[in-house]
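Below is one structure; the comments refer to it alone.
Put into structure tokens, the structure is as follows:
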């Protein structure tokens, strides 16, 4: 099915939902819409995920990623109850007899977190009835309460305390979710992809806790607006900045220090925030005449401008760099660069949109004096996305949008280490790809007890020239040696040249999403979810080293896209007026085309990486439990995970044994 046909299906779906929302005009005339934003009273920072309850209408909703809310109600007088972690509850009487815009503000609590300190589906009015599971939300207040390491609060270390999440390896800042690999995690900072999440090989994460506003981890039941990875989504937003008064904050640590400055540009209309961190262990090493050094620095910045009541502009960025030097014999550098320009537009009290232009860059380099090589590689993304949230009626909320990403891969630029090196400069062929996606989803309340969230995402991935591609016998880049019973690099039988922009190969995948919540009573519910996801960009690494000497590669005719199918079933319960809560989830997931390697595969500076790669399979299943105490001076959670993850690579024919005889 062509991309144009899929786009037509998408438009028809949107139109059908609009028609369904308007099919009873007599009823609709009796209903009006209450909408607006919820913000911090002290600095006008919009608040994400605020719980808004209207008891008379038996409605409970949450603000979106920009603090916006919208609810459709029968005409009348209502009590609005608003709650959010770390803030005093708000109760306000309001009359709604026509479409009304009303902004709320909340005051930070003076009780030092004498309330819920982690919100992970923990508000019973949202948790019990909302068709959402396998999701954890951490407040920055909670993260800052956790034990610090060498004076630094680590954002990523905090999520390792959640069920289903484990450290990639000792000393590394990467993480695994439900048996998945590190590259299966879609990590976003203000919607921009972060490819490497660690400083100093895992001692610190790249996320400065001082500038983080909201953090949400999706382990399953992932909404249709996310795609491109098969394990999880870590969605992080930065602060907007205080638009009422200037603030300066900072801190000194054993190995690093940090400073944050925020304030208004135009009071109550525009603001900024700038935060920086840097390590200084290398300075101490210099004082000790130590030739080795290791340091990092990063910078976060964000500007926002309120054009009018319906339009807001945001510009945010991140720049980070690491350098590790062992006596000028081994030098490793790596870093992320991110930029995002966003435009929020409110079409009406029921339709909220966001358009984003995003740039992501991850570069990494290695210098080895012993072999005289200076090797540099990087991956760049140019991304445009447009998302719409449509509060169609009091029972249906729609989300739909498009996303286009242009990928540029530089597998390796090879240069001499210094003037004494005899190495000949070389450039491994650069690769380009275009990834497009379109999606639509709906959250619908079918009955007082049953709610569903269903959606469909269609993704299209195209490898593009300019490139010279090897041709192999039987289209197999890896050959099996029956005498030695091993896999070897196949010899090309020819090549084919592709012009700039010419399509080399393409893949298209439909990715359905479904989540169901059935409320047993006001305190407990059962939920189930299913999602399929596709991953077209792969981290090629067969080393246990904590240094990021890895290669990102696009899918092609030899390296197939990974396809995930995951199901989950859960039971949720709250106790004693929500003072305590329990979450129990079981999951099972499979991945097709999991990357594997032949024995002795050499990845660095390999000009034909497909010659050492095989497509395998993976599966994982397990049980997760989380018991939380939500209030009081002593609060927190206990988490337990029992799971198993397996991978196998069967033979491609009956004569081939595969890796490990194709066993799990």
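Numbering (my numbering), first residue to last: 67 to 730. By construction, the Cβ of each residue, glycine as well, lies at the ideal position given by its N, Cα and C atoms.
Comparing C-alpha positions only, which one of 376, 326 and 246 sits nearest to residue 314? Residue numbering aside, residue 314 sits at position 248 when the chain shown is read from its first letter. When C-alpha distances from residue 314 are compared across 376, 326 and 246, the shortest belongs to 326.
What's the C-alpha gap between residue 355 and residue 260? Residue mapping note: residue 355 aligns to position 289 of the chain shown, counting from 1. Residue mapping note: residue 260 aligns to position 194 of the chain shown, counting from 1. CA-CA distance, residue 355 to residue 260, rounds to 35 Å.
Q.
Helix, strand or coil for residue 581? Go by DSSP, reduced to three states.
A. As a first step, residue 581 must be located in the chain shown, where it is residue number 515. Secondary structure of residue 581 (DSSP, three-state): strand.
Practice prompt. Give the straight-line distance between the Cα atoms of residue 504 and residue 281, rounded to the nearest whole angstrom.
Written response: Position 438 of the chain shown, counted from the first residue, corresponds to residue 504. Position 215 of the chain shown, counted from the first residue, corresponds to residue 281. Approximately 25 Å, taken between the alpha carbons.
When the Cα atoms are used, what is the spatial distance from residue 520 to residue 471? Position 454 of the chain shown, counting from 1, holds the residue named residue 520. Position 405 of the chain shown, counting from 1, holds the residue named residue 471. For residue 520 and residue 471, the distance between alpha carbons rounds to 25 Å.
- request: Using beta-carbon positions only, say whether residue 111 and residue 306 come within less than 8 Å of one another.
  value: As a position in the chain shown, residue 111 is number 45, starting the count at 1. As a position in the chain shown, residue 306 is number 240, starting the count at 1. Yes, they are a contact pair.
- Task: Return the bridge partner residues of residue 331 from the DSSP annotation.
- Result: Along the chain shown, one-based indexing puts residue 331 at 265. Residue pairing by DSSP places residue 331 opposite no residue, since no beta bridge is assigned to it.
Quiz item: Opposite residue 473 in the DSSP bridges: which residues?
Solution: Counting from one through the chain shown, the residue named residue 473 turns up at place 407. BP columns for residue 473 point to 447 and 499.
**Message:** So for residue 492, helix, strand or coil by DSSP?
**Reply:** Locating residue 492 in the chain shown gives position 426, where the first residue counts as 1. Strand.
Exercise. Is the region 399-406 touching the region 415-427, taking contact as three or more C-beta pairs under 8 Å?
Worked result: Yes: the two stretches touch, three or more of their Cβ pairs being nearer than 8 Å.
What do you get for residue 241, buried or exposed, if any count of 16 or more other CB atoms within 10 angstroms of its CB means buried?
Position 175 of the chain shown, counting from 1, holds the residue named residue 241. That one is buried.
Tell me, which residues are paired with residue 482 by DSSP?
For the purposes of this step, residue 482 is identified with residue 416 of the chain shown, where counting begins at 1. Per DSSP, 439.
Report task. Hey, could you find the ends of the beta strand (DSSP E) residue 686 is sitting in? Result -> In the chain shown, counting from the first residue as 1, residue 686 sits at position 620. For residue 686, the enclosing beta strand (DSSP E) starts and ends at 679-695.
Within 10 Å of its beta-carbon, does residue 414 have 16 or more other beta-carbons around it, so buried, or fewer, so exposed?
For the purposes of this step, residue 414 is taken as residue 348 along the chain shown, with counting starting at 1. Residue 414 comes out exposed.
TODO: Please say whether residue 483 and residue 439 have beta carbons closer to each other than 8 Å?
DONE: Residue mapping note: residue 439 aligns to position 373 of the chain shown, counting from 1. Residue mapping note: residue 483 aligns to position 417 of the chain shown, counting from 1. Yes, Cβ-Cβ distance for residue 439 and residue 483 is below 8 Å.
Which residue comes first and which comes last in the alpha helix (DSSP H) that contains residue 221? Numbered from its first residue, the chain shown carries residue 221 at position 155. In this chain, the alpha helix (DSSP H) harbouring residue 221 covers 221-225.
Assuming residue 429 contacts residue 400 under a Cβ cut-off of 8 Å, what Cβ separation, rounded to an integer in Å, is found between them?
One-based indexing of the chain shown puts residue 429 at position 363. One-based indexing of the chain shown puts residue 400 at position 334. That belief holds up - the Cβ atoms of residue 429 and residue 400 are roughly 7 Å apart, short of 8 Å.
Taking just the CA atoms, how far does residue 617 sit from residue 532? Reading the chain shown from its first residue, position 466 is the one you call residue 532. Reading the chain shown from its first residue, position 551 is the one you call residue 617. Going from the Cα of residue 532 to the Cα of residue 617 covers about 20 Å.
Report task. Could you pull out every residue in the same chain whose Cβ sits closer than 6 Å to the Cβ of residue 123, ignoring the five residues on either side in sequence? Result -> The residue labelled residue 123 in the question sits at position 57 within the chain shown. Counting only residues of its own chain and dropping the five nearest sequence neighbours on each side, residue 123 has a CB closer than 6 Å to the CB of 139.
Secondary structure of residue 663, DSSP reduced to three states: On the chain shown, position 597 is the one that residue 663 refers to. Here residue 663 carries a strand assignment [DSSP, helix/strand/coil].
#### Entry: Residues that residue 202 bridges to, as DSSP identifies them
Your numbering for residue 202 matches position 136 in the chain shown. Beta-bridge pairing links residue 202 to 283.
Problem set entry | Bridge partner(s) assigned by DSSP for residue 657 | Numbered from its first residue, the chain shown carries residue 657 at position 591. Looking at the DSSP assignment, residue 657 forms a beta bridge with 630 and 684.
What is the residue span of the beta strand (DSSP E) that residue 19 lies within?
Here the chain has residues from 67 to 730 only, and residue 19 is not among them.
Practice problem: Starting from residue 23, follow the beta strand (DSSP E) in both directions and report where the run begins and ends. | Solution: Outside the displayed range of the chain (67 to 730) lies residue 23, so it cannot be described from this structure.
Review point. Which of helix, strand or coil does DSSP assign to residue 301?
Key: For the purposes of this step, residue 301 is identified with residue 235 of the chain shown, where counting begins at 1. Three-state result, residue 301: strand.
**Asked** Do residue 200 and residue 250 have their C-beta atoms closer together than 8 Å?
**Response** Start at 1 with the first residue of the chain shown, and residue 200 comes out as number 134. Start at 1 with the first residue of the chain shown, and residue 250 comes out as number 184. No; because the gap between Cβ atoms is not below 8 Å, this pair is not in contact.
Open item on the list: Can you find the residues in the same chain that come closer than 8 Å, C-beta to C-beta, to residue 688, ignoring five residues on each side of it along the sequence?
Closed with: What you label residue 688 is simply residue 622 of the chain shown in a count that begins at 1. 230, 244, 245, 652, 653, 707, 708, 709 and 710.
Does DSSP put residue 277 in a helix, in a strand, or in coil? Walking along the chain shown from the start, residue 277 turns up at place 211. Note: residue 277 maps to helix in three-state DSSP.
Determine contact between the region 582-596 and the region 557-564, defined as no fewer than three beta-carbon pairs at a distance below 8 Å. Contact between the region 582-596 and the region 557-564 is not established, with fewer than three Cβ pairs separated by less than 8 Å.
Worksheet item: What is the rounded straight-line gap between the Cα of residue 727 and the Cα of residue 714?
Response: As a first step, residue 727 is located in the chain shown; it is residue number 661 there, counting from the start. As a first step, residue 714 is located in the chain shown; it is residue number 648 there, counting from the start. Separation of residue 727 and residue 714 (C-alpha to C-alpha, rounded to the nearest whole angstrom) is 9 Å.
- Start and end residues, beta strand (DSSP E) containing residue 427: For the purposes of this step, residue 427 is taken as residue 361 along the chain shown, with counting starting at 1. Residue 427: member of the beta strand (DSSP E) spanning 417-434, first to last residue.
Notebook entry, point to check: The beta strand (DSSP E) spanning residue 392 covers which residue range?
Noted result: Taking the chain shown and counting its residues from 1, the one referred to as residue 392 is at position 326. Looking at the DSSP string, the run of the beta strand (DSSP E) that includes residue 392 is 377-392.
- Mind checking residue 82: buried by the 16 CB within 10 Å criterion, or exposed? Mapped onto the chain shown, residue 82 falls at position 16. With a pLDDT of 46 at residue 82, under the threshold of 50, the predicted position of this residue should be treated as unreliable, and no value is reported.
Given residue 153, which residues of its chain have a CB within under 7 Å of its CB, disregarding the five upstream and five downstream residues? Here the question's residue 153 lines up with position 87 in the chain shown. Closer than 7 Å at Cβ, skipping near neighbours: 172, 173, 174 and 175.
Relative to the C-alpha of residue 581, which candidate in 598, 228, 574 and 370 has its C-alpha closest? Residue 581 sits at position 515 when you count from the first residue of the chain shown. Of 598, 228, 574 and 370, the residue nearest in Cα terms is 598.
| query | What three-state label does DSSP hand residue 143 in the structure shown? | reply | The residue labelled residue 143 in the question sits at position 77 within the chain shown. In this structure, DSSP gives residue 143 an extended state, which the three-state scheme calls strand.
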